[in-house]
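Working notes, beginning with the structure itself.
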């Protein structure tokens with residue numbers, strides 16, 4: 001079964017985790033019937049590998065690791081991949097409690113017209 005892990009940075013401020021939880025609920029509408037978990041780099045739980053274990057326990061054998069970051073940086077190019085054992089060409093197979101799980105690493109958000117539209121909406125809200 002396919003699934004996804006939405007990966008956030010983490011923060012001491014509670015709304016950071018709440019935002020990722022809400023985003024994961026919205027994402028479920030697109031990835032219907034699939035296992036969706038959230039994981040954090042630091043300061044919040046669950047950690048990334050805890051989210052991977054949870055998804056595997058629920059039956060996932062193929063997981064998309066999705067960094068919820070705007071741009072590439074050390075976290076997206078090194079830290080997140082290192083947390084899950086690394087990737088070759090964006091993919092890897094890891095052992096999770098005796099079960100083989102395929103991981104597919106997605107790119108961060110990047111420059112996307114839909115983000116610009118959201119930013120423009122925020123400006124319009126203040127007009």
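Residue numbers (my numbering): 1 to 127.
Just so it is clear, CB atoms sit at the ideal spot from N, CA and C, and this is done for glycine as well.
Segment limits, alpha helix (DSSP H) that includes residue i
{"i": "residue 117", "result": "113–126"}
{"i": "residue 31", "result": "Careful: residue 31 lies outside any alpha helix (DSSP H) and carries neither H nor E."}
Between the CA atoms of residue j and residue i - distance to the nearest angstrom
{"i": "residue 87", "j": "residue 9", "result": "19 Å"}
{"i": "residue 100", "j": "residue 33", "result": "21 Å"}
{"i": "residue 85", "j": "residue 116", "result": "34 Å"}
{"i": "residue 24", "j": "residue 6", "result": "7 Å"}
{"i": "residue 14", "j": "residue 21", "result": "11 Å"}
{"i": "residue 121", "j": "residue 26", "result": "19 Å"}
{"i": "residue 38", "j": "residue 50", "result": "9 Å"}
{"i": "residue 89", "j": "residue 48", "result": "20 Å"}
Residues near residue i by beta carbon distance below 7 Å, same chain, minus five either side
{"i": "residue 43", "result": "10, 11 and 12"}
{"i": "residue 96", "result": "52, 53 and 56"}
{"i": "residue 81", "result": "87 and 105"}
Run of the beta strand (DSSP E) containing residue i, from where it starts to where it stops
{"i": "residue 46", "result": "Careful: residue 46 lies outside any beta strand (DSSP E) and carries neither H nor E."}
{"i": "residue 81", "result": "Premise fails: residue 81 lies in the alpha helix (DSSP H), 80–83, not in any beta strand (DSSP E)."}
{"i": "residue 108", "result": "Careful: residue 108 lies outside any beta strand (DSSP E) and carries neither H nor E."}
{"i": "residue 63", "result": "62–67"}
Residue i beta carbon near the ligand ADP (any heavy atom closer than 6 Å)
{"i": "residue 94", "result": "Looking for the ligand ADP in the displayed structure turns up nothing, as the structure carries no ligands at all."}
Helix, strand or coil at residue i [DSSP, three-state]
{"i": "residue 52", "result": "helix"}
{"i": "residue 19", "result": "helix"}
{"i": "residue 11", "result": "coil"}
{"i": "residue 96", "result": "strand"}
{"i": "residue 129", "result": "It is not possible to answer for residue 129, since the shown part of the chain is limited to 1 through 127."}
{"i": "residue 40", "result": "strand"}
{"i": "residue 101", "result": "strand"}
Sequence-distant residues of its chain with Cβ nearer than 8 Å to residue i (five each side left out)
{"i": "residue 79", "result": "41"}
{"i": "residue 102", "result": "61, 62, 63, 91, 92 and 93"}
### Task
May I ask you to verify whether the stretch 68–85 touches the stretch 97–111, counting CB pairs closer than 8 Å and requiring at least 3?
For the pair of segments examined, the stretch 68–85 was found to touch the stretch 97–111: the number of CB pairs separated by less than 8 Å reaches three.
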